[in-house]
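What follows is a short report on a single structure.
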Amino acid sequence: MTEIQNEQREDLIQNRINKAKAYRAAGRNPFASRWAPTHRAAEIAAAREDFVDKDATVRVAGRALTIRSFGKANFFHLRDGSGRIQIYVKKGEIADEDLDVFHTTIDAGDIVGVEGKAFVTRTGELTIAAKRLTLLAKAFRPLPEKWHGLRDVETRYRRRCLDLVVNDDVRETFAKRSRVVSTIRRELDSRGYLEVETPMMQRVYGGAAARPFITHHNALDLDLYLRIAPELYLKRLVVGGFEKVYEINRNFRNEGISVRHNPEFTMLELYTAYWDYTDTMQLTEDLVRRVALEVIGAAKFEYQGREVDLASPFARVRLLDLLTETLALPASAELCWGDAGRAGARTALDAAPENVRSELREKCETSDEILLALFEGIAQRKLWQPTIVSDFPKSACPLAKRKEDDPETAERFELFIGGLEMANAYSELNDPEEQRANFRIQAEKLAKGDKEATMMDEDYVRALEHGMPPASGLGLGIDRLVMLLTDSASIRDVILFPLMRPE
383 MTEIQNEQRE DLIQNRINKA KAYRAAGRNP FASRWAPTHR AAEIAAARED FVDKDATVRV
443 AGRALTIRSF GKANFFHLRD GSGRIQIYVK KGEIADEDLD VFHTTIDAGD IVGVEGKAFV
503 TRTGELTIAA KRLTLLAKAF RPLPEKWHGL RDVETRYRRR CLDLVVNDDV RETFAKRSRV
563 VSTIRRELDS RGYLEVETPM MQRVYGGAAA RPFITHHNAL DLDLYLRIAP ELYLKRLVVG
623 GFEKVYEINR NFRNEGISVR HNPEFTMLEL YTAYWDYTDT MQLTEDLVRR VALEVIGAAK
683 FEYQGREVDL ASPFARVRLL DLLTETLALP ASAELCWGDA GRAGARTALD AAPENVRSEL
743 REKCETSDEI LLALFEGIAQ RKLWQPTIVS DFPKSACPLA KRKEDDPETA ERFELFIGGL
803 EMANAYSELN DPEEQRANFR IQAEKLAKGD KEATMMDEDY VRALEHGMPP ASGLGLGIDR
863 LVMLLTDSAS IRDVILFPLM RPE
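The numbering used here puts the sequence shown at residues 383 to 885.
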């Protein structure tokens, strides 16, 4: 914005402030304490035959949008939380003192209350003829002009309040987000799950491979971590006898920001006693499909210009089989996890693009790491239709149960839709001795500088020593599910106030 534009804007702001001062000097309050509407815009529109040209008087309140004057006739749209409705202001129909306020004080962006009767204009638009008009809150700053033409989308994220005022699609996105969460709650409650809350500040963080945020409790002189996952506390509740438990939680991971990642995000995490990961696969499929049907009314829809089909059964494939298919490896490659997979990992690496090969040779130390990196870097990006990818390396899953017939493989799956990783789940490790050994390996990695390794949690192991039944857990990303159901390309489009660099 140029210096001249800045000066003009400051003049507009000062003019509005002066109007508020004059209004107050006249003995009126430009910031009312209370005003009770009787109806909302959407209600009147939905039952217009009950209001149009009837004696019924309605009271609505909201933000005044663009004001248009045609001599004695004036129009503006009023937006409330349900939508917008046109307001007609005409001398002779509105109280004289309110007409004076309208001409001398009201600007687009002000919050106003209107009382009047509904009618339909010659152009067919539902309108309220104002008999009384009240200023409820003076807006000192004008609404942005040509907001939709702004090229810098980050400005929309930084000024979300204005984004919501002027952009119908944005408001609908966050209305859908709310319906996603409420639908998940209803579905899980109907299945007998109990919603709980677990600590956000933890002495020992765990439940995921991530770098935590650190804070300090002054009274206890104690360093604490913002949780990276609620997993270990929820499984303590399974030990305590809650057989079906869930939490819709905020997690915090000190990681990079991208179109798919925000350091603060929302997850559904649930645990079901006496299940393994195959049971959770079906629950995940049912839950995602149900949410889509409830929120957008369809199980088939477009995401980023391509169809997504949630109506058909989700594809299920083993990770190593998918990698073999993606890289077009010969059957003789025989990919497997653990030390026995070294030859197969070399074959898979040789089949990858040269830029991928050189990068993985530098950062991967084991064959498991190579195969998992190839999956993450090549195979999973091609998963558009709902696909459950199962059987990950046990070496990368310290909290998951190993397969009885294949100890190098963990009973874990991830769900991918529209190129997005939506969910992570596994059969829960409930052997306290094996869990303690896994924690020790993680602690050694942490001591050697692995910022995403987890800490030793003796208290959790102690809980397992009291006995945890067989169980399976699920983590489902709420933000990414909302991205899918609102056709949003960036996670920042579905988080009301995403973390941004300072201006």
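We put the CB at the ideal spot given by N, CA and C, even for glycine.
Quantities reported herein were computed from a predicted structural model and do not represent experimental measurements.
Original post:
Span of the alpha helix (DSSP H) holding residue 842?
Top reply: Here residue 842 refers to the residue found at position 460 when the sequence shown is read from its first residue. Taken as a continuous stretch (DSSP letters only), the alpha helix (DSSP H) holding residue 842 covers 840-847.
Original post:
Near residue 739, which residues of its chain fall below 7 Å by C-beta distance, leaving aside the five closest residues on each side in sequence?
Top reply: As a working mapping, residue 739 is identified with position 357 in the sequence shown. Excluding positions up to five away in sequence, the list reads 731.
Original post:
Where are the beta strand (DSSP E) runs, 3 residues long or more, that stay fully inside the stretch 625-662, in chain order?
Top reply: 626-634, 646-655
Subject >> Alpha-carbon to alpha-carbon, residue 514 and residue 884 >> reply: By one-based count along the sequence shown, residue 884 stands at place 502. By one-based count along the sequence shown, residue 514 stands at place 132. Cα-Cα distance, rounded: 44 Å.
Subject >> DSSP-derived helix/strand/coil call for residue 458 >> reply: Your numbering for residue 458 matches position 76 in the sequence shown. Residue 458 falls in the strand class under three-state DSSP.
Subject >> Same chain, Cβ closer than 7 Å to residue 593, neighbours up to 5 away in sequence not counted >> reply: Counting from one through the sequence shown, the residue named residue 593 turns up at place 211. Correct list, in chain order: 635, 636, 637, 833, 834.
**OP:** Going by DSSP, name the residue or residues bridged to residue 774.
**Re:** In the sequence shown, the residue the question calls residue 774 occupies position 392. Beta-bridge pairing links residue 774 to 792.
Original post:
Would you report the Cα separation of residue 616 and residue 497, rounded to the nearest angstrom?
Top reply: One-based indexing of the sequence shown puts residue 616 at position 234. One-based indexing of the sequence shown puts residue 497 at position 115. Rounded to the nearest angstrom, the two C-alpha atoms are 52 Å apart.
Original post:
Is residue 879 buried or exposed, if buried means 16 or more other CB atoms sit within 10 Å of its CB?
Top reply: For the purposes of this step, residue 879 is taken as residue 497 along the sequence shown, with counting starting at 1. By the 10 Å Cβ count, residue 879 comes out exposed.
Original post:
Along the chain, where does the alpha helix (DSSP H) that runs through residue 911 open and close?
Top reply: With the chain covering 383 to 885 only, the question about residue 911 has no answer from this structure.
Original post:
In chain order, what residues of the same chain have a beta carbon less than 7 Å from the beta carbon of residue 881, not counting five sequence neighbours either side?
Top reply: The count along the sequence shown starts at 1 and reaches residue 881 at position 499. Excluding positions up to five away in sequence, the list reads 639, 644, 645, 646.
**OP:** Would you tell me roughly how many angstroms separate the C-alpha atoms of residue 518 and residue 478, rounded to the nearest one?
**Re:** Along the sequence shown, read from residue 1 onward, the residue named residue 518 stands at position 136. Along the sequence shown, read from residue 1 onward, the residue named residue 478 stands at position 96. So the alpha carbons of these two residues sit roughly 18 Å apart.
Original post:
For residue 651 versus residue 613, is the C-beta spacing smaller than 8 Å?
Top reply: Here residue 651 is taken as the residue at index 269 of the sequence shown, counted from 1. Here residue 613 is taken as the residue at index 231 of the sequence shown, counted from 1. Cβ distance < 8 Å, so residue 651 and residue 613 count as in contact.
**OP:** Quick one: using the 10 Å Cβ neighbour count with 16 as the cut-off for buried, is residue 456 buried or exposed?
**Re:** On the sequence shown, position 74 is the one that residue 456 refers to. That one is buried.
Subject >> Distance between residue 411 and residue 675 (C-alpha atoms, nearest Å) >> reply: Taking the sequence shown and counting its residues from 1, one reaches residue 675 at position 293. Taking the sequence shown and counting its residues from 1, one reaches residue 411 at position 29. About 47 Å.
**OP:** Starting from the Cα of residue 642, find the closest Cα among 859, 562, 402 and give me that residue.
**Re:** What you label residue 642 is simply residue 260 of the sequence shown in a count that begins at 1. Looking at the Cα atoms, 859 is the closest of the given residues.
Subject >> Contacting residues, own chain, Cβ-Cβ under 8 Å from residue 606 (five flanking each side not counted) >> reply: Residue mapping note: residue 606 aligns to position 224 of the sequence shown, counting from 1. Once the five neighbours on either side are set aside, the close Cβ partners of residue 606 are 583, 584, 585, 596, 597, 598, 599.
Original post:
If you drop the 5 nearest sequence neighbours on each side, which residues of the same chain put their C-beta closer than 7 Å to that of residue 824?
Top reply: Your numbering for residue 824 matches position 442 in the sequence shown. So the list reads 780, 835, 836, once near-sequence residues are dropped.
Original post:
With distances taken between CB atoms, is the gap from residue 462 to residue 444 smaller than 8 Å?
Top reply: Residue numbering aside, residue 462 sits at position 80 when the sequence shown is read from its first letter. Residue numbering aside, residue 444 sits at position 62 when the sequence shown is read from its first letter. Result yes, Cβ atoms of residue 462 and residue 444 sit closer than 8 Å.
**OP:** Identify every residue that forms a DSSP beta bridge with residue 471.
**Re:** The residue you call residue 471 lines up with position 89 of the sequence shown. Answer is 456, bridged to residue 471.
Subject >> One or two residues paired with residue 523 in a DSSP bridge >> reply: Mapped onto the sequence shown, residue 523 falls at position 141. None, per the DSSP bridge assignment.
**OP:** Following the continuous alpha helix (DSSP H) through residue 553, name the residue where it begins and the one where it ends.
**Re:** Numbered from its first residue, the sequence shown carries residue 553 at position 171. Per DSSP, residue 553 belongs to the alpha helix (DSSP H) from 550-572.
Subject >> Three or more C-beta pairs below 8 Å linking the stretch 423-437 and the stretch 496-510 >> reply: yes
Original post:
Under a Cβ-count criterion, where at least 16 other Cβ atoms within 10 Å of its own Cβ denotes burial, should residue 844 be classed as buried or exposed?
Top reply: Within the sequence shown, residue 844 is the residue found at index 462, counting from 1. Burial call: exposed.
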